[in-house]
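Quick notes on the structure that follows.
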Amino acid sequence: MKKALVVFYSMDDGTRAIAEKIASAIKADVLRLATISKAEKIYYQHAESPDRVDDLEVPNGETRYIWGVESVDMKEIPDLENFELDPAKYDLVIIGTPVWSLSYAPPLNSFFNKVSLEGKKVAFFCTHEGMIGNTFEAMEKKLGSSMVIDAIDFQNVSMNLEPSLKKAQDWAKSLITKI
Ligand SMILES: Cc1cc2nc3c(=O)[nH]c(=O)nc-3n(C[C@H](O)[C@H](O)[C@H](O)COP(=O)(O)O)c2cc1C
Numbered sequence: 001m002k003k004a005l006v007v008f009y010s011m012d013d014g015t016r017a018i019a020e021k022i023a024s025a026i027k028a029d030v031l032r033l034a035t036i037s038k039a040e041k042i043y044y045q046h047a048e049s050p051d052r053v054d055d056l057e058v059p060n061g062e063t064r065y066i067w068g069v070e071s072v073d074m075k076e077i078p079d080l081e082n083f084e085l086d087p088a089k090y091d092l093v094i095i096g097t098p099v100w101s102l103s104y105a106p107p108l109n110s111f112f113n114k115v116s117l118e119g120k121k122v123a124f125f126c127t128h129e130g131m132i133g134n135t136f137e138a139m140e141k142k143l144g145s146s147m148v149i150d151a152i153d154f155q156n157v158s159m160n161l162e163p164s165l166k167k168a169q170d171w172a173k174s175l176i177t178k179i
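Going by full-length UniProt numbering, the sequence shown opens with residue 1, and the numbers climb by one from there.
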């Protein structure tokens, strides 16, 4: 039987909800990318005043948005928590991200640098609030010779949860027929 892996990053759980629905629809394994908070603190220290660092894990509110946008602009490669799953062992790797600053979230930079998906079938999904920019193009560029078999976006997931989950489920089932 063909094996699929869903890899994703999610800060506020919208992408997580979609990822988990995709995985359960096709019995895929799941790898949630988690950044090490120390790296976030160090990043924040560069971006803002050092004396606020001790209070923060991930910044809150508007500051958090600015922090995220800057981390995209600076092509951040945050340290990730170690993971055991090996994407090379799967027939299909489905990669999900929130859209940040019209692109993918920086923890995916770390993932792309860490693993090789050469020659592998991959599919992308993203969640966003209306503007996906070049998210998928940028991901494809990072992957080099992988074969991108499909890509799909989900807008305003928390406001459209049930339809979004249905869309995710249908998409996942259609993907499986392509590998
Ligand atoms: C730092 C940051 C940057 C964002 N940039 C965009 C953007 O460029 N376009 C957009 O449509 N939504 C943008 N959003 C909204 C998120 O893409 C959207 O809320 C997403 O579903 C969040 O996923 P999550 O709940 O998995 O973290 C941004 C959110 C954050 C925190």
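Ideal placement from N, C-alpha and C gives every residue a C-beta, glycine not left out.
For ligand 1, any of its heavy atoms closer than 6 Å to the Cβ of residue i?
i: ASP73; result: no
i: TRP100; result: yes
i: VAL69; result: yes
i: SER146; result: no
i: MET159; result: no
i: TYR65; result: yes
i: GLU137; result: no
i: SER164; result: no
i: ASP170; result: no
i: GLY96; result: no
i: THR15; result: yes
i: GLY61; result: no
For a test of the three-state rule: what should DSSP assign to residue i, helix, strand or coil?
i: TYR65; result: helix
i: PHE83; result: coil
i: LYS173; result: helix
i: LEU33; result: coil
i: ALA123; result: strand
i: ALA28; result: coil
i: ILE179; result: coil
i: SER103; result: strand
Since residue i and residue j should fall inside the 8 Å C-beta cutoff, what is the C-beta to C-beta distance between them, to a whole number of angstroms?
i: SER110; j: ASP79; result: 7 Å
i: THR127; j: ILE18; result: 6 Å
i: LEU117; j: SER146; result: 5 Å
i: GLU20; j: VAL7; result: With a Cβ gap of about 13 Å, GLU20 and VAL7 do not count as contacting.
i: ALA4; j: ILE94; result: 6 Å
Could you pull the start and end residues of the alpha helix (DSSP H) that residue i belongs to?
i: MET139; result: 135–143
i: PRO107; result: 107–114
Around the C-beta of residue i, are 16 or more other C-beta atoms found within 10 angstroms, so that it is buried, or is it exposed?
i: ASP54; result: Caution is warranted here: a pLDDT of 46 is assigned to ASP54, below 50, making its placement in the model unreliable, and the coordinate value is therefore given only provisionally. It is exposed - the Cβ of ASP54 has fewer than 16 other Cβ atoms within 10 Å.
i: TRP88; result: Residue identity differs from the one stated: residue 88 is Ala in this sequence, not Trp. Exposed is the call here.
i: LYS141; result: exposed
i: TYR9; result: buried
i: SER174; result: exposed
i: MET139; result: buried
i: LYS121; result: buried
Note the first and the last residue of the continuous beta strand (DSSP E) segment covering residue i.
i: ALA4; result: 4–8
i: GLY96; result: 92–100
i: MET147; result: 147–155
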